[in-house]
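Residue numbers (my numbering): -15 to 230. Here's the structure, in structure tokens; my notes come after.
Here's what the structure looks like:
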């Protein structure tokens, strides 16, 4: 059962559904109440708590405080764990401690250089910070190493290539975004629709995002920055998909 909870939490990043988030959070919180030494549960809880802040999933008070406590607990219980460091990186990044976050990410990669999730998370952070030359190679390596990956991998590879002006590479990554309502897939489909001149697809992807996330409709830049995008990249996305003044 402990591992079932962990897999359930990992799957939230693929589905990005509030009900899946709620179920996984409840499962992990019950688990750490019974066994507070099980560090993988703390590491996954930290990430689920950041989703309360970033995506508005099942919010409770002080999500980033709870996330930091959970990540630090994971690191304390397993100081040599790459995944514990990864959870700390994600939380620090959401709290705006960028340098410390990247440092934790590099420590995680040094401890497990073949973990695609670590590569992809660090690569995505570089791309969000408008450092695509550092982020895109990590995303592409992570994609090569993982078959059943979440849409965020392909989205950040698409975005990284887009920011570098590598339009063909960017469009190629867009082929793998799939349908569905994952916010990263929708955002990627909007960018790719602009690249390929598919106005209908652009309008549809943006309309679905606005429906699922009202803040994307009213304050798209804020919606993006809440999800970790730096101001430069948030402005670029809003401009490129044609929702300036939206």
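In this text, a Cβ means the ideal position worked out from N, Cα and C, and glycines have one as well.
- Rounded to whole angstroms, the Cβ separation of residue 29 and residue 13 is 7 angstroms, and the two are in contact under 8 angstroms.
- Taking the Cα positions, residue 135 is about 26 angstroms away from residue 58.
- Excluding sequence positions up to five before and after residue 9, its CB lies within less than 6 angstroms of the CB of 32, all in the same chain and listed in chain order.
- Residue environment analysis places residue 223 among the exposed positions, since fewer than 16 neighbouring C-beta atoms fall within 10 angstroms of its C-beta.
- Excluding five sequence positions before and after residue 178, the CB atoms of its chain that fall closer than 8 angstroms to its own CB belong to 186, 224, 225 and 226, given in chain order.
- Contact check for residue 72 against residue 98 fails: the beta carbons are separated by 8 angstroms or more.
- By a beta-carbon distance limit of 8 angstroms, residue 120 contacts residue 141. Their separation comes to about 6 angstroms.
- In terms of Cβ geometry, residue 75 and residue 105 do not form a close pair [threshold 8 angstroms].
- Counting along the chain, the unbroken alpha helix (DSSP H) around residue 154 starts and ends at 151 to 158.
- Distance between residue 101 and residue 89, taken at the CA atoms: about 11 angstroms.
- Taken atom to atom, the span from the alpha-carbon of residue 0 to that of residue 167 is near 8 angstroms.
- With distances taken between CA atoms, residue 151 lies nearest to 181 out of 181, 115, 202 and 133.
- Distance from the CA of residue 103 to the CA of residue 109, rounded to the nearest whole angstrom, comes to 10 angstroms.
- DSSP, reduced to helix, strand and coil, places residue 203 outside both helices and strands of the structure shown, so it counts as coil.
- The alpha carbon of residue 18 has as its nearest neighbour, out of -2, -15 and 123, the alpha carbon of -15.
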